[in-house]
Each structure stands twice: as structure tokens, then as C-alpha cells.
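So for the sequence shown, full-length UniProt numbering puts the first residue at 1; every next one is plus one.
The next block holds one structure in the form of C-alpha cells; read it before the comments.
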Amino acid sequence: MITILRLTHKFNGNISQSGCQCLKRYDFKEKVLISSLQFSRRISYSSILNAETPKKDVSGKLPQKYDAEAVESEWYRWWEQEGFFKVQTNTKNLQEKQTFTMILPPPNVTGTLHLGHALTVTIQDVLARWMRMCGRNVLWIPGTDHAGIATQVVVEKQLLAQHNINRHTLGRENFLKEIRKWQREKGSHIQNQLRLMGASLDWSREYFTMDQKQSSAVTEAFIRLFEEGLVYRSNVPVSWSCWLRSTISDIEIENQEINGPTDLHVPGYTQPVQFGKLTNIVYKSCDSVNEIIVSTTRPETMLGDVAIAVHPADSRYKHLHGSFFWHPYRHEKIPLICDEFVDQEFGTGAVKITPAHDRTDFDVAMRHNLQLISVINEYGNICDNFVNFKGMKRFIARDHLVKDLSAQGLIQGENPHKMIVPVCGRSGDIVELIPKPQWFLSTKDIAQKAIKAVKEKKLHFSHKQAEKLWLQWFENNQDWCLSRQLWWGHRIPVFKCCFPNGSSEKWVAAGSGSEAKVKASAQFSCQPDDPRLTVLQDEDVLDTWFSSSILPFSALGWPEMTEEFQNLYPLSLMETGHDILLFWVARMVILGELLTHKLPFENVLLHGVIRDASGRKMSKSIGNVVSPEDIREGRTIEELVSAIVLSHESGVIPKQELKNAIQNQKKMFPEGIPQCGTDALRFTLCSYPIESHFIDFNVKNCEANRKFCNKFWQACRYVEGFMEDSCLNPQLKFEDQTSLCVMDMWVLSKLSGLVHKLENSLSRQALHECVEALRVFIHHEFCDVYLESTKFLKNTDSQAKQNTRRVLSVCVENILALLSPFMPFLTEELYQRLSYFPKTSDSITKCHYPQPKEWMKWYNKSLESEIDLILKTASVIRHLKKKNGLKNKDTVSVALITKSELELEQFFEHKILLENLSRSSIINVLNAPDEVSNDFMTEGRLDNSCIVKIVLEGENQKLQSNKMKSEIIALALKKQSKLKEQILRTRNILENPKFWTNAPEDVKQTLPLELTSLEEEQKKIETFLNQIPNLNENLMQNLPGKK
């Protein structure tokens, strides 16, 4: 790989095709990374990113073809070199200019950015660029997260796959060296990815959550919380991964629903483990012949049962209240207790209480003063105090225990059971609840502040559902478990201190061992240098969310109370995915209030989770993961498959999932992924309603938006030619309106509406509305309509042509500004290349964003209404041409028939415009709606009052029309026949009683709706066919070969 980098640097990215072939001779892993010319360019780009190089050469006319790769090259380097993204931090600017501050949610250094990251980056960048262009002083801070558990798992998987060693073999220090090496490589790649996405970040403020400044802030934060009595140590059941040997947070748990007996692969087991069964265990009464049956999905944990619980109102067990039952393995009695938490409908209505391995049972045990007995240790094995099963893996012990209980006559059968299995998202392990001494942050009091902030409208969310979740979560708040049994992360700055004076051990929070001795000596009444005083730092590390939750203020210099911190904090906006609302946003509020006594932000914008076009979660094991690079640069199917194989070799995709992943990839992208560019990707990401819970991403939309880029590029080329190097003063004055033609006035009115729409939508962060408005104006109104109307002036030399030039210039200049936050590369390229409007700034990124008040005078609602009628009529004419097999350029005669006097007047007034736009000749405009023949081939209805009729001229047009007519009728008849078959088949299914007994619930709901839809479609076709006079005769006459 070093050789490859040197080659690329030497040739500065200009590697020939033969050179690429040479590079492909490297081994498989390198081949995946460099098999395309784009990758060599990407390495070269990264190597010169911060170099002092000249501005991109954009001299000459626009190239004929839009090339995303060429357009998007070099601009970011120049933007960064010129300092366009740096916040102005002098006191005067901070006070005079309204500041807009955000932090980029730090990507984990576990690999490369995925589409979820790309969505976050795009949303924030659009807002940051818009704010800058509106005159705001913008600070957007980049950084990366050490991602404790995620990074440790990825690196350990790679070590296992490539070298067959684990962290315990390496030892802590050597393993941490491997992680730091990984972090440096991945951190650099992530920086490059963010730049290639066009993210206008202030790189002078970049942080890493484990750099010196952030580590110091984390230490200070923990010490303050500890010394305020908010941090405590407790031995309670926590979510534990036996494979990772660490506690894990709820966000790292994927709850997998199964409907019955299901085999799952569990790390460390050679055979699949079965879940989805309810086992009925018999407990014998100690002092009578009574017995009670408990139902459980975890029979192995019965070794730690300390009670049996029933609902106090359950009449089946009232005679057993106060009874004791015999535990068959511990040979001791356990009580029957009454508690209202018991669901009388679950199993037998009697449940076992195992407080060491179930949160609900733990709460019950606290209420009834029951002991905790651990069954499973941190390795996932049965504890030594259970002699019959000690050292066995938990799920192997399950089978042995059930067999042993059966032999004793204490099993009353097993039943299929629908259940939720908690799976560790990092390792695939089954999450276990085990009691372990952990550090917790007390959040009871601060939870009330968080609730109050929302209720008093001091903290705003982008949609109401987030508010409900927020209030729900904080009202049922649990203290935050801060400790993790990992090697990678911020080691908790807490020390166990001992002194042989009869006192118990003490814990102190300190930044170092020497500081801990000073604090401990005060408690033990001894000298810090007393040799008998020992201090030992806790081996555990802090939850990754702790360090990332102080970022809103630590990234601004906290705990130092600098002028900058005081002026820029709190943040203006927190934008992130809704899936981490309660894991990150809530904890930022907790720590912000506790450590700065302020909300870290007042506004929260949440976006949805990216899924594939079929609505499936993106997963490497499914094979549907698409990276931003795949879309920007394009990928062949061979390259996509190679990347999956590489992921498998790196330990990311298990062997049993590899084949399925490859098959899915080939099915989804049989032709690979076309090269679309960054701007098209950004525009696509913004086109989805971001507040939706899920965003079903379709790569085909990116291809469509690349074509949109090309459409605008070609429009700018047309305008360039229309200008003919004319030197114009394009500033339009109010008095100029009277000299403009109707289409000039119309397009400026539409542009005024666009400016108003974008201002309204951007202020609400409704980016999908912006994309739709831009697409409609640029693609349809400007390119398809206005430019088309100017073609009839191109070869003239008139004042109208001069006016149109001025309007074209103003339109292009303002489109570039309006589009710039969404497509920064394309707009910068065009802004620098086009010479027919004056440049108000050295970069489009610094231009003024058009404001509604500046454009109000150009809005003309009545004119828009008139022209809309003409455009709709032209559209109907084009549709009729197509239906009759004619090309759009073919000229036809048209009659317009309307009841409306207003429409009649407007048709006469804009007759020439309509003829030009529709390539037709208007032979009649009649106020006689009764004179219609109802021929579906030549007539189209505009609205309730207007009918458009084309007149076919010449034998060729008539023959072509007859041919198309027969094809349409034949297609309708074929579809009618197919619908009859589908309806009959669906009715038969619905009339079968077995369907309602055996079919899944979702099918029972959807199939009747499908039948209704089919019947409605059948009615439409029948209505259409009934309108055709002499249907069979008509069809026979128009068959091929008939005249």
C-alpha cells in the first residue's frame, strides 16, 4: 500500500489506464481499494488538500458535457485555503454579527462514513451555507469520536481475522497501540470524506474525543460531578456482553423479535442456540403436597431463583399465600410472594424471581427485601457455587438443566413462545443481565429540569413525537451507568485508596495518582507521601456517551471560561438522528445543566434513519449498504462484491452471511452504481422529508438528480450562447417592468415565488420542500418553458431580445445563489466560469442569499394564472401528439373549445406564445363546447370548461394515429383480461375459510384492500372501452396490414 501511495503522489493523480492495470496486480485487498482510477485521484486529492496551489483554471466557455468529477475537483481545497469557513471570533464581530453555532455529531473512528453520516453532513452544511449567505457569523465544529466499544470490537475482529489473536493475547498496552494506529488511519480518511462531501467545517477547531484538551475536559467533568455527590458506586444488574466482557448501553442492543422456536448463532458456540420456547418448571411445596408451575424462557437462571411471585388477586393461588417452596439445587426454601407486576395471563400466572439476572425481578427483590444470587459470570459461564453445572456455558447448561429437571419429574412441558431476544449490535452476543459494581450518575433531580425545559418551551424539538418520547423517558428516568469494562476509552479518573488504620477503603476522584494521594490523605488524616497509603486507579473506562455529551461546551474551550466560550455557548442548533435522541441529546442536556447550568442548545432538529429502497435497514450482512463514495464515483458490480468479500476477510461479515450478502448486492445493483457526483447525492438526501422516522433511500434518485445537474449545465450553455458576448448591465429596475415581454415578467414572478418559498422552508428546516421548489423552477419553469420561449428571439436583433438577455442573466445569477447551499460544487464552477453577470464576491459561498422583500415587486399572481393556462394547454397538445405517434417537433393544427369567456380572451391574447410552446397552429378558438366528437385520440380535456382538439393532416399522420389507437385498445383489452383473472383469484382466496385461519395478520388486512384496488382499476378500463364506438370493428380495421 505504501508503494501505491508513492506512485500516486509521484504522478499527482494523472495515472494512465495502463498504469491502473499495473496497480491492479497487487493482492486482493489493495485491488478492492484501487481498482478504479477514481481512487488514485482521491489519494492524490487528499495529499495536496492543504497545499498552497493556484485557484482552479475556469477560463474559456463551458464544456459541452457536464462532468461531475471535473466540476467537483479542486474547489474545496480553495475554499479552505481562503478561510471561507472560519468563524470571525474578534469581539466586534461576535457582538455585531448574529452568530450561528453547531457541532457535527462526531463520526466514530470505526471505519468510513456511511449514508447516515452523509445525511447529517448534508443537512447541517445546507443550513451553515445558507446562514453564511444571509450574513450570519457561522461556526460549525468538526471532530471524531473514539467510540469505545465499537472501535474496540472492530479492531479485535480484524486482529482475529487477520492474525488469529485477541486483545488478551496482545495485552492492554499493545492492544491500545493497535487501536491508536487504526484511529489515525480512519480519522484521516473520515476528514477526507467530509471534505469530499463539501462540508463547510471550521477545520482549525477540529477535535478528537481523546485528544489532550478533550481528555482534560472529561476528567474535570467527572471530578466535579463526583465531588458534588452525584456519582456513586453500586452493585446492580447491568446489560452485559459476555463476548466483549463489558457493560453495554441500550443503543448497542438490538431487540430481535422471534415468533417461536428459532436457532440463532451466538459467538463462542459451535452450534446454533434455540430460543422461543416457554419451559414450565414445577416447584414442590415444603410442607404439603401442593406444587406450583412457573413458566420461563430462561430455565438456566432458575438456579438463582429467590422467590415465586403471583398476582395478589389471582384466585388460583390464594390458598398458597404465605407458603414456601423447595429449591431443587440449592436445597433451601424460597417464598411465594404477591406482587401486582405479575401478568395473570402469562404462562401459568406464576413467575420465578431471579433478581440477579432480570431488571423487573431486581425491582421486585428490592420491594420484598430478597437476596441476589448470581448464576452467570462475566464470561457467560455458570458460577462455581452450582456444582452440577459450574463452568458450563450458559446455553449449554440450559439443556443439561432441563434434562436433569425432567429426570426429577419437575418439567411440565415446553411450548412455542413469541419473545424478544436482546442481541448486542457490536458482537452478535445475547445480552445478559448480571450484577457488577459500576459507577452511576444520579439524574433524578436533573430529570425534572429536562422535563420543565420542554414544558416551558425553552427546549424545542422539530416534531411533537420527540417531545412525547423525551417526557416519557425522563419521567421514567433511571440513573446513568457511566462505567464500561473496556480497554479503549477515557479511564475513569477515580482511585481506590487504602490506609491500614482500621478505616474502610475510600474512593476519590482525581486527575492523577499524586492528586489522589493528596485528597485521600485528608480523609485518612495522614501525609500524602506516607508509604502505607496506597491508591489504585479503577481499570474501567467511561461510557463513550459521557465524553460526547460534553462536546457542546468542551469543543468551545470549557472548562476554561474564555470570552469565546461565553459568546458562542449555548449552540444555536443541535441536529442529529432521532435514534440517538435519548442516548445523546438527553445526556447533553443532563451534563450541560449540571456543569454549565445552562441548556447546551435550545433547538433540536432530528432526522430519520436511512434504509434501502425496499425499506430494509442497511446492513453489511444483507449486502445493501451503499457508501457516499459508491454514489459519487460509481461502482461496477464486481467492485461492490469485492468490497463485501473484503469486509468478510476483515471479520465484519460472518461466513454464514457472506453468500446472502453477495446475492442481495447483485440483485439490487445488477449493473452496478452509476457515477452521480456529490452534488447529486446531496440534492437527493435533501429531497426526503428528514423528519420521517425512516428514509427509504433509492440510488436511482441520485441518477435522476445527476441528470438534473446536466439539465441546468446545458441551460447555462444555452444562455452563454444567447448572450453572444454582450456586455450587459443586468440590474433590473422597477420601471423596467413595462418594457418586458409577458414571459420575462412571468419568469421573474416565478423566481420571486421561489425566493419566498425557499426562505420559508429553510427557516423551518424543511429541506425537501426547498428541493422540490428548486427542481420545479429550474427544470420546468426556467429550462422547459422560459428558455423554450426565448428561442424565437435568438436570431433577431430587437429590444425584446436585449431585455430577455438581462432577464436571463438575472435568473442565472439568482438561481446559482439559491441553489448554492444544496449544490456547492456545481454552483461555484458556474459562478466562476460564467461572465455575463457582475460578480459581487470572489466566491458563490460568500454571495448574498436572495431575500423575499427584494423580490416582492416582481410577483404577479394574475399573470402567473394566465400563463399557467397556456402551459397546461400546451401540455395537453404535446400529450395528444405523443398519443397519436407524432413527435413533439411535428406541427399540428389545434382547435380550442371553451365555455369560459375569460379563457377565450386569454387564448386570443397569448395565441402566439401557445403556438410557439406547443409547436402547433391554432386554427380555431371557439365558444361552442357542444361541437365535440368525443374522440379520445384527438381530444383532451383541459378542465371542466375547455376541450383541446388536434386536427390530423395528411395520410401519414392519420395512418400513424390509427396504428397507435389500435395498440392502445389492444393493451386495454389485455389488461382487462388480466384484471379479471386477478380479481377472480383474489376473491377465491378471500372466500376460503382456511385463509382467515392461517394467513398472517398483515396479509388479512392488505389482501381485501388489494381486491378493492383491482376492482377500481377494472372499472376505469371498462369506462374507457365503453366510450369507444364500434369497439371490435374499430380494432379490426386498425390491425397491422389493414388500410
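Cβ atoms here follow ideal geometry from the backbone N, Cα and C, with glycine treated the same way.
Bear in mind that the values here come from a model prediction, so they are computed numbers and not experimental data.
By a beta-carbon distance limit of 8 angstroms, residue 699 contacts residue 673. Their separation comes to about 6 angstroms. By DSSP's assignment, residue 504 forms no beta bridge with any residue.
Residue state for residue 607 is assigned as strand, using DSSP reduced to three classes. Between the region 451-468 and the region 257-277 there are fewer than three C-beta pairs closer than 8 angstroms, too few to call the two in contact.
Taking all protein chains shown into account, residue 109 has 16 or more neighbouring C-beta atoms within 10 Å of its C-beta and is therefore buried.
Remark: C-beta atoms of residue 601 and residue 573 approach each other more closely than 8 angstroms. When the beta-carbon positions are compared, residue 362 and residue 234 stay at least 8 angstroms from each other.
Shown here, residue 823 sits in coil according to DSSP, grouped into three states, outside any helix or strand.
For the region 719-791, the full-length alpha helix (DSSP H) segments reaching 4 residues or more read 742-763, 767-775 along the chain.
Bridge pairing for residue 626: absent [DSSP].
Annotated three-state conformation of residue 653 is coil, per DSSP. Annotated three-state conformation of residue 117 is helix, per DSSP. Among the bridge pairs identified by DSSP, residue 283 is matched with 292.
Under the three-state reduction of DSSP, residue 186 is assigned to helix. When the Cα atoms are used, residue 464 and residue 446 turn out to be separated by approximately 22 angstroms. Taking a cut-off of 8 angstroms on C-beta distances, the region 244-262 does not touch the region 385-398, as fewer than three cross pairs fall below it. Counting only unbroken stretches of 3 or more residues, the beta strand (DSSP E) elements lying wholly within the region 451-526 are 494-498, 506-509, in sequence order.
The shortest CA-to-CA distance from residue 562 to any of 61, 89, 79 is the one to 89.
Nearest in C-alpha terms to residue 171, of all of 185, 156, 183, is 156. Taking residue 480 as the centre and dropping the five residues before and after it, the same chain places the C-beta of 441, 443 closer than 6 angstroms to its C-beta, in chain order. DSSP, reduced to helix, strand and coil, places residue 82 within a helical segment of the structure shown. If you compare the alpha carbons of 809, 985, 244, 950 with that of residue 267, the shortest gap goes to 244. One thing to note: residue 827 has its Cβ within 8 angstroms of the Cβ of residue 820. Shown here, residue 568 sits in a helix according to DSSP, grouped into three states. As the crow flies, the alpha-carbon of residue 242 is around 8 angstroms from that of residue 430. DSSP places residue 906 inside the alpha helix (DSSP H), whose first and last residues are 901-909. In the DSSP assignment, residue 574 falls outside any alpha helix (DSSP H) and lies within the beta strand (DSSP E) extending over 574-577. Scanning 719, 761, 844 for the CA closest to the CA of residue 787 turns up 719. Cβ neighbours of residue 190 within its own chain (closer than 8 angstroms, five residues either side excluded): 107, 109, 112, 113, 144. The C-alpha of residue 791 is placed about 14 angstroms away from the C-alpha of residue 807. Apart from sequence neighbours up to five positions away, the residues of its chain that approach residue 773 with a beta-carbon distance below 8 angstroms are 754, 757, 758, 761, ordered along the chain. Here residue 612 is buried. Its C-beta has 16 or more other C-beta atoms within 10 Å. A check of alpha carbon separations from residue 495 across 511, 857, 989, 125 identifies 511 as the nearest.
Residue pairing by DSSP places residue 307 opposite 353 in a beta bridge. Under the 10 Å beta carbon count, residue 331 is surrounded by fewer than 16 other beta carbons and is classified as exposed. Of the candidates 889, 867, 751, 946, the residue whose Cα lies closest to the Cα of residue 859 is 751.
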